[in-house]
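So for the sequence shown, numbering that gives the first Met the number 0 puts the first residue at 0; every next one is plus one.
Cβ atoms here follow ideal geometry from the backbone N, Cα and C, with glycine treated the same way.
Bear in mind that the values here come from a model prediction, so they are computed numbers and not experimental data.
Here is the structure we will look at.
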Amino acid sequence: MKKLIIFLCLIFTNLAFAEIGLYTAESMTSYPVTDMTEILEKFTRESPDRNIVFYVHGRNHYVEKEWKKLQVMEDTYKVRVVMLHWNAWSSLVSRAVAGADEAAEPLSEAFKEIRAFKESHRDFFEEHKMTLLCHSMGNLVLKNFTEKFQQNSQYNLEVPLFENYLGVSADVPLKDHREWLAKFNLAKNKNVVMNNRDIVLLLSYSLDLTEKNPFQYRLGLGFDNYPGKKDQIKSKLVPDVTYIDLSGVLESQHGYFLPKTPVMKTIFSRLTNGEPFHIDDQEKKYLKVNLKNENNIVYIKDR
0 MKKLIIFLCL
10 IFTNLAFAEI
20 GLYTAESMTS
30 YPVTDMTEIL
40 EKFTRESPDR
50 NIVFYVHGRN
60 HYVEKEWKKL
70 QVMEDTYKVR
80 VVMLHWNAWS
90 SLVSRAVAGA
100 DEAAEPLSEA
110 FKEIRAFKES
120 HRDFFEEHKM
130 TLLCHSMGNL
140 VLKNFTEKFQ
150 QNSQYNLEVP
160 LFENYLGVSA
170 DVPLKDHREW
180 LAKFNLAKNK
190 NVVMNNRDIV
200 LLLSYSLDLT
210 EKNPFQYRLG
220 LGFDNYPGKK
230 DQIKSKLVPD
240 VTYIDLSGVL
250 ESQHGYFLPK
260 TPVMKTIFSR
270 LTNGEPFHID
280 DQEKKYLKVN
290 LKNENNIVYI
300 KDR
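Dropping the structure here:
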């Protein structure tokens with residue numbers, strides 16, 4: 000019995016406090032960030048017809064929960080996924096700010112590996128695309144990378160590393176997000192995907208309300224319920240970002256890149272495969288949705 004308890008404790012420790020590293024859907028094995036090129040090489044060899052997603056997960060205590068999402072994404076969107084795992088847990092009543100700050104450097108190293116791989120596989124990427132998907136506090140990791148490393152000359156690329164950046168359920172402040180997101184230039188298309196009924200982001204925002212800081216409203220909650228002047232905050236949008244507001248077709252979901260409806264599957268199938276965001280007229284009828292465009296904000300609502 001004592002040995003069993005020790006064994007279970009070791010499993011719990013490995014799942015909850017796994018080191019920073021890369022994971023693929025094939026097994027619960029952690030790879031160092033320097034193995035990124037080997038992983039991508041394996042993807043191109045085994046799945047020459049599939050695009051690639053680099054996934055940076057959000058706040059979570061267990062790496063196993065995030066790892067299980069990789070196979071769902073691969074099966075649903077017909078892509079290959081590599082995930083950056085980082086120390087994304089602090090406590091139930093705090094954000095993993097220190098972990099996100101620590102993860103900025105491994106993210107930078109991963110980008111370097113991707114750049115080297117793409118330069119040595121130009122033929123493959125003439126026909127294939129790569130997408131960066133940051134979920135929830137994964138966007139804080141990207142924010143920290145941008146503020147620390149974006150100015151480095153090696154990131155002044157003629158061709159961006161990624162076709163799409165997807166900032167889904169972004170658990171970063173809405174106010175002043177332009178200061179860092181406007182500088183991020185490693186993706187051809189930048190998309191922020193929002194839901195003002197997202198229960199996880201509402202709970203996250205409650206941390207700021209407890210500290211009497213209402214203007215730290217989260218980017219992933221969108222603009223309509225911002226406690227300040229909406230027109231003022233909307234005037235500070237990033238010009239080359241498409242803001243996709245899904246509040247009209249979602250309820251309290253947080254991980255809506257894992258689709259439970261045809262609308263979500265249609266949207267994320269395109270975005271994860273590197274296509275620009277769009278829903279054509281025929282699809283609007285089939286999906287029973289309306290689109291309202293307001294500058295570079297797109298509101299998607301049920302008919």
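Distances from the alpha-carbon of Glu157 to those of Ala186, Glu104 and Ser268 put Ala186 closest.
Our two residues, Ser107 and Leu290, have alpha carbons roughly 36 Å apart in a direct line. Boundaries cannot be given for Arg196, as no beta strand (DSSP E) includes it and DSSP labels it neither H nor E. Residue pairing by DSSP places Pro172 opposite Arg217 in a beta bridge. For Leu69, the enclosing alpha helix (DSSP H) has its first and last residue at Val62 to Tyr76. Relative to Asn224, the option among Glu40, Thr241 and Leu200 whose CA is nearest is Leu200.
Put simply, the backbone Cα of Phe214 is about 42 Å away from that of Glu118.
Around the beta carbon of Asp74, a 10 Å sphere encloses fewer than 16 other beta carbons of the protein chains shown; the residue is thus reported as exposed. Taking all protein chains in view, the Cβ of Asp170 is crowded by 16 or more other Cβ atoms within 10 Å, so the residue is classified as buried. Comparing C-alpha distances from Cys133 to each of Leu249, Gly254 and Thr33 shows the shortest one belongs to Gly254. DSSP, read as helix, strand or coil, puts Thr241 in strand.
Each residue's CA atom was taken as its position, placing Met35 and Asp230 some 43 Å apart. Secondary structure remark: continuous beta strand (DSSP E) runs of at least 3 residues inside the stretch 126–174, in chain order: 129–134 and 161–167.
If you compare the alpha carbons of Lys68, Asn86 and Asp207 with that of Val140, the shortest gap goes to Asn86. For Glu210, no alpha helix (DSSP H) run applies, since DSSP gives it neither H nor E.
Taking the Cα of Val62 as reference, the smallest distance to any Cα among Ser46, Met82, Arg44 and Met72 is reached at Met82. Contact between Gly219 and Asn184 does not hold, since the beta-carbon distance rounds to 22 Å and is not under 8 Å. Around Ile232, the same chain offers Leu173, Lys174, Phe222 and Tyr225 as residues with beta carbons nearer than 8 Å, after the five sequence neighbours per side are excluded. The residue among Ser46, Gly273, Lys264 and Lys283 with its C-alpha nearest the C-alpha of Thr130 is Gly273. Here the stretch 232–252 makes contact with the stretch 283–299; the two share three or more CB pairs at distances below 8 Å.
Residue state for Tyr30 is assigned as strand, using DSSP reduced to three classes. Under the DSSP assignment, Ile296 falls in the beta strand (DSSP E) whose first and last residues are Ile296 to Asp301. Secondary structure at Glu293: strand, using DSSP grouped into helix, strand and coil. Ala115 and Leu39 have their C-alpha atoms spaced approximately 11 Å apart. Here the alpha carbon of Asp122 sits roughly 33 Å from the alpha carbon of Gly57. Beta-bridge analysis with DSSP links Lys189 to Tyr164 and Val240.
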